[in-house]
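Working notes for the structure below.
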Amino acid sequence: MAEYFASRSPEISRREKAHMEAVRALAGECMVLLENNGALPLGAPGGEDIHKLALYGNGARHTVKGGTGSGDVNSRMVVTIEEGLKNAGFTITTERWLDNYDSCYADAQKSYLEQVMEIAEEKKVPPFLVTFEMPFREPQIPAVTPEDVNSSDTDTAIYVIARNSGEGADRKEAEGDYLLSASELAALAALGQAYKKCIVVLNVGGVVDAAPLKEIPGISAVLLAGQSGNIGGDAVADALTGKTIPSGKLTDTWAAKYGDYPSSAGFSGNDGDVDDEYYTEGIYVGYRYFDTFGVKPLYCFGYGLSYTQFSMETLEVAADAHSVRAQVKVTNTGSRFAGREVVQIYVSAPAGGGLEKPLQELRGFGKTSLLEPGESQLLTISFPTASMASYSEARAAWVLEAGTYYIRVGNSSRNTHIAAAVCLDEDAVTVQLKNLFRDEEPLQELSAKGAAAWTYDGEAQEKEAAPKIYLHGADIETETVTYRESEPVWRDKGTVTAWTMDEVRSGKASLEEFTAQLTVRELAEICVGSARGGQGTDTVIGSASALVPGAAGDTTSLLLEDRNVKNMILADGPAGLRLNPHFATTADGRLLVSGDTISGIPMGEDPERTADAVDYYQYCTAIPVATLLAQSWDMELIEKAGRIVGKEMEEFHVTLWLAPGMNIHRNPLCGRNFEYYSEDPLLTGMCAAADTKGVQSRPGIGTTIKHFAANSQEDNRMFSNAHISERALREIYLKGFEITVKTSQPMSIMSSYNLLNGTHTANHYDLLTSAARDEWGFAGLVMTDWFTSQDPSFMFGAAVHKYPISSSPMCIKAGNDLQMPGCQKNVDDIVEAVEHPEKAGEEALTLGELQACAARILNVIARSSCYEGSAPYGEQFGELPWIGRCERGERF
């Protein structure tokens, strides 16, 4: 009989309440105040300032808690912004307008669902899969009439702009998506004229065209609230009233117009080609481009206002061959409100030594405590000297080129001052590698030669006056990476005992001895998810676990009885756990009602409910989306969010969280940007590491960092070929993953759907083994994304694609240990490739290659919460390397 771990009670639990309150407290700190002429914070409700609000916009009642797709969290409830404001004591005086929009929304949703069903029938695919490629778009808003304004009986209006997106489709530079719609612009213009205070709240997961908001007369304040989880409405109200002080900073550059992004012309389907994506901008992504080429953004990277003001004074900068350290004094110079400030340190590397360099790159940061008016605090921010290196394809090495490295300190990329000049006398190789990512189609990359970089008054004088710190290249150590050549074959030593995982965990048998006893088919079964047998069942995306309904999948349980190899349960993220909130079984444990939906559409048909049905409940907390969390620039806060998820993983017996997502925000139209942190790899890597540390603080559970790598578009995501130079890959698209692996050792990595320079990432040996394992020291397991190595026709019909799906045996050869969700053909193909290599051609496998993949999975299982007495996964690694530190002094 199956054992379920869900609650039998439908009542809200103590854990739910505690986690929602924790999310409410942290979400407000992640929000970014983009504009404010004194309209915010709103006065105390019921006081003399304001107690009535005119509320408009498509996000007022239909607040978006997070994006769509497999990462959507099925929480018990969603607190809308309207409800949050009412909970805070305000009276909403525009309910008639909101009711009118509700009617428009219901009609649009009905029409959308009918269209989905028609397309699904035509293509012979499940309806929920249609929603991936054709997400629901909110309808046009009704006009704001003079009657609406006159009857609102207040001088303060709030307009909520909501946008949603998700996996399977990219956004468009179109009205109602990246662009504001004509009806939104008309409404905002009317509100700006009619109300004394007009506040815009952006309930968005990514960048939108905010330029009109700076141009429309009468807009008093703009708050980027993001998508803050199921308690989001209360969190927004807290930020608007000052109960929580918004202290977020942007993690992306917001351009004055979409065409200013260097990837805009060729991104995804913009050029009509979704098969091949050419990363011609090279290393010039985000602020690296805008600053180097002197393009003025609407809002720069790292920007964010506060309800108060701060001063920043760099007291000292020190450097040696190992680290650079800056001590900065931050003072709240305001008189009314407390606040927190982020100190950001950028480095301008010398560009005359053969390698082009961006004008500046983020190398360290730290955030103050909450400072009351007049309070000060000292922050000491450190980063490794080697982190200032650039990748040289000619040398196949990370190199600190000789010259002057200017240390810039400030609170955004466009508001810094030069605090020191680190002078290096000769080139220093910090890591000697080999080039791994050659493309048969060399790119013609963007060059900064002759570009007029951004500057500011007094910069030249600051360079001249900067204190100089002299370093010798000969003092900087060189790490030389050794790459494995082949996987050894482990032979059974002929022992009579058939080892089980109990002996492995007790130390009586080694993992090598255990693995050597397994047959080729048993090894193959371990390397393929359970959807084809054991306790797993037939699967669709996002629901493949029989023990935790709604979880994405299980590892095999076929070796449970003989070898006590228990199965791990994997659940989607990254904004919480995606589980079915309610399901029912028969008295003997047979699943009846799965309760599984995506975009409101059932993912399958349930059997008829029986009289003896038993109900179960799995309500999880929707935390803020990754982009919003990153806007906190607070690693302790993100680690706290990770601990929330980890606690719920423990409760529902989930072993691996399929998160965090950490692809780079190369372009604002990527449909899954909300799942990822930033355009900057340092910030991305540190956020994912903090999230991982939070989750993995709980015994035997872990994260799965994804999508590895260069998964920057959603249109044609399973068959798109990303063409990227070796340097851009290493400095931009792989660097975040490298930081996370080295500083937090996640339990797992998930390969992406796309091809990379002509090879599927799932089949890319140099990506998964040479880079992740040999160069970075990754010790966990690698898995595929769902259906990567399986026939995808059930998702796309009989569509013909330029590139084929990835190969199941080549996953094993590449070191992609676990193929999910798994099918019998995966197992059979692997067995055939080992037992009949003469027939397999280039897909031939050695026994050692298969044993290595299986052993890595077994090692994680042995250390997991599948067994009692497991320890936190990270404890085995001791003290890990660091990439950035911030020490806060006492407030004074």
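Quick note: the sequence shown uses the numbering used here, first residue 5, plus one each step. All C-beta atoms, glycine included, are put in the ideal place defined by N, C-alpha and C.
The DSSP-derived three-state label of S327 is strand. Secondary structure at P796: coil, using DSSP grouped into helix, strand and coil. Counting only runs of 4 or more residues that sit fully inside the segment 790 to 844, the alpha helix (DSSP H) segments are 797 to 800, 812 to 818, 828 to 839, 841 to 844, in chain order. Residue nearest to S315 within the set G343, T788, K843 is G343 (criterion: CA-CA distance). One Cα belongs to Y283, the other to Q448, and the distance between them is close to 9 Å.
In this structure, L849 sits near I816, with a CB-CB distance shorter than 8 Å. Beta bridge pairing from DSSP links C202 with A161.
When DSSP assignments are scanned along the segment 716 to 758, the uninterrupted stretches of beta strand (DSSP E) that are 3 or more residues long and fall wholly within it turn out to be 725 to 727, 752 to 755.
The beta carbons of L363 and T296 sit closer together than 8 Å. If you draw a straight line from the Cα of S510 to the Cα of S561, it comes to about 21 Å. Residue environment for A615: exposed (fewer than 16 other C-beta atoms within 10 angstroms of its C-beta). According to the DSSP assignment, I473 belongs to the beta strand (DSSP E) that extends over 472 to 475.
Excluding five sequence positions before and after I145, the CB atoms of its chain that fall closer than 8 Å to its own CB belong to Y60, G61, N62, Y105, C108, S185, S187, E188, A191, given in chain order.
With respect to the C-alpha of C304, the residue from G665, A513, D684 having the closest C-alpha is D684. When the alpha-carbon of E679 is set against those of R488, Y474, K69, S417, the nearest one is in K69. Sequence-distant Cβ neighbours of G706 in its own chain, meaning closer than 8 Å and more than five residues away, are T659, L660, W661, T696, V699, Q700, P750, M751, S752, G784, V864, S868, Y877. Rounded to whole angstroms, the Cβ separation of G246 and Y311 is 6 Å, and the two are in contact under 8 Å. Put simply, of E444, D324, T420 the residue whose alpha carbon is nearest the alpha carbon of D429 is D324.
The beta carbon of T434 lies closer than 8 Å to those of A390, A393, A401, W402, V403, L404, I480, E481, T482, E483 in the same chain, with the five residues before and after it left out.
Taking C-beta atoms as the reference points, F518 and L30 fail to come closer than 8 Å. The way I'd put it, the segment 267 to 284 doesn't touch the segment 111 to 125; fewer than three beta-carbon pairs between them come closer than 8 Å. A distance of 8 Å or more separates the beta carbons of G357 and A425. Between the segment 117 to 127 and the segment 615 to 625, the count of Cβ pairs shorter than 8 Å is below three; the stretches do not touch. For Q855, no beta strand (DSSP E) encloses it; the enclosing alpha helix (DSSP H) starts and ends at 851 to 866.
For T696, there is no enclosing beta strand (DSSP E); the enclosing alpha helix (DSSP H) has its first and last residue at 685 to 699. For L382, the enclosing beta strand (DSSP E) starts and ends at 380 to 388. Distance between G290 and G71, taken at the CA atoms: about 22 Å. Between the alpha carbons of K651 and Y182 lies a gap of roughly 36 Å. As DSSP reads the structure, P703 sits in a beta bridge with P876. Below 8 Å, enough C-beta pairs join the segment 816 to 830 and the segment 759 to 772 to call them touching: three or more. When only Cα atoms are considered, E718 and M138 end up about 12 Å apart. In the DSSP assignment, G32 falls within the unbroken alpha helix (DSSP H) covering 18 to 34. In the displayed model, V552 falls within coil according to three-state DSSP, outside both helix and strand. For I249, there is no enclosing beta strand (DSSP E), as DSSP marks it with neither H nor E. With a beta-carbon spacing of about 6 Å, I709 and P664 fall inside the 8 Å limit used to define contacts. When secondary structure is reduced to three states using DSSP, R509 falls in the helix class.
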